[in-house]
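Report on one structure; see the data block that follows.
Residue numbers (the UniProt record's numbering): 1 to 328.
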């Protein structure tokens, strides 16, 4: 199935600029949710992840949402998926990656762009519990994680379909863009580094030998932080090794489930092309690149009454999958 959006993306008047799209969306997206229950999933290594979830009717679809870097289940783009699922009578689960639920995780390690194990455990356990179709949607870092999972599992992936929004398919290129000069990139970079360093300092208090604290404090770029902290905590030689092993872009040919890849050509955190051109050769992938939209932005409608196009299209993609004849 090759998905076509239900309607073209038209930026809200005054918000065509990529930074306006990115920043406005992060500030004004509603965060209200349906009634959720918090569940803690204990992991084999002694750590945990927290889930926020609700059930649909027996046999209804269920969608699992994965957030972006330093996000959570309360991110506006995630709550939009939860509300859309509830409106349809589906169930939904939002995964908080380790350290992102409001409570520090137990181990020195945390989460990263290529770590599929926790998401896979959540999907497998959800698949075993629900009786209807299982879908997954990822945003930014969570989208890269989801694509890496689909690539690794191939025909054994536990979902019927998936959607990837604003994924950094080339992590090294993403860092080049974020670490570049300019006031907006500095804003994005410093926002990420602020919470990453706060968590890293807490880690050092409990695990003083986990990484070089001086190198962490000196890091002024995402790549320097990944060299000093992310790679050290997760078994990579350095940031370059981490990016090479974790980027979903070179392996998109291995995905075997219907998957929507949705990005904006003007994404301020990604280099051109935002989606590898080779992705179009995989018949399981529906590639949608809009001219505008920023990074997880896609604000349409009016400034005073915005519509969020990407989340709506991800859900419409799942609707389209459900409308296709089932092949056993």
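Even glycine gets a Cβ: it sits at the ideal position worked out from N, Cα and C.
{"Query": "So who's on the other strand from residue 302, going by DSSP bridges?", "Result": "305"}
{"Query": "Does the pairing of the region 278 to 296 with the region 170 to 184 give three or more beta-carbon distances under 8 Å?", "Result": "no"}
{"Query": "If we count the other Cβ atoms within 10 Å of its Cβ and call it buried at 16 or more, is residue 115 buried or exposed?", "Result": "buried"}
{"Query": "Check this for me: beta carbons of residue 316 and residue 5, under 9 Å apart or not?", "Result": "yes"}
{"Query": "Can you tell me where the alpha helix (DSSP H) with residue 173 in it begins and where it stops?", "Result": "171 to 178"}
{"Query": "Determine, using beta carbons only, whether residue 140 and residue 199 come nearer to each other than 9 Å.", "Result": "no"}
{"Query": "Taking the alpha carbon of residue 291 as the point to measure from, which residue in 265, 152, 269 and 28 has its own alpha carbon closest?", "Result": "265"}
{"Query": "Could you tell me if residue 304 is buried or exposed, where buried requires 16 or more neighbouring beta carbons within 10 angstroms of its beta carbon?", "Result": "exposed"}
{"Query": "What whole-angstrom Cβ distance do residue 271 and residue 170 have, given they're in contact under 8 Å?", "Result": "7 Å"}
{"Query": "What three-state label does DSSP hand residue 260 in the structure shown?", "Result": "strand"}
{"Query": "From this set, 108, 224, 112 and 95, which residue's C-alpha is nearest residue 124's C-alpha?", "Result": "95"}
{"Query": "Is the distance from the Cβ of residue 161 to the Cβ of residue 146 below 9 Å?", "Result": "no"}
{"Query": "Within the same chain, show all residues whose beta-carbon is closer than 8 Å to that of residue 202, passing over the 5 residues directly before and after it, in chain order.", "Result": "104"}
{"Query": "Kindly identify the DSSP beta-bridge partner or partners of residue 41.", "Result": "49"}
{"Query": "Could you compute how far the alpha carbon of residue 220 sits from the alpha carbon of residue 33?", "Result": "36 Å"}
{"Query": "Locate the beta strand (DSSP E) running through residue 286, then write down its first and last residues.", "Result": "285 to 290"}
{"Query": "Does DSSP put residue 315 in a helix, in a strand, or in coil?", "Result": "helix"}
{"Query": "Check whether the Cβ atoms of residue 268 and residue 235 sit closer than 9 Å, and answer yes or no.", "Result": "no"}
{"Query": "Quickly, what does DSSP pair residue 65 with across the bridge? List them, please.", "Result": "94 and 137"}
{"Query": "Contact defined as beta carbons within less than 8 Å: I believe residue 63 pairs with residue 318. What is the distance between those atoms, to the nearest angstrom?", "Result": "7 Å"}
{"Query": "Can you tell which of 237, 149, 100 and 112 has its C-alpha closest to the C-alpha of residue 75?", "Result": "100"}
{"Query": "May I have a chain-ordered list of the alpha helix (DSSP H) segments no shorter than 4 residues that lie completely inside the region 176 to 216?", "Result": "183 to 206"}
{"Query": "Run through the DSSP bridge pairs and tell me what residue 54 is partnered with.", "Result": "92"}
{"Query": "With residue 246 as the anchor, note down where its alpha helix (DSSP H) starts and where it stops.", "Result": "239 to 246"}
{"Query": "Can you tell me which of the three DSSP states residue 26 falls into?", "Result": "helix"}
{"Query": "Please confirm if the region 221 to 240 is in contact with the region 127 to 137, defined as three or more CB-CB distances below 8 Å between the two stretches.", "Result": "no"}
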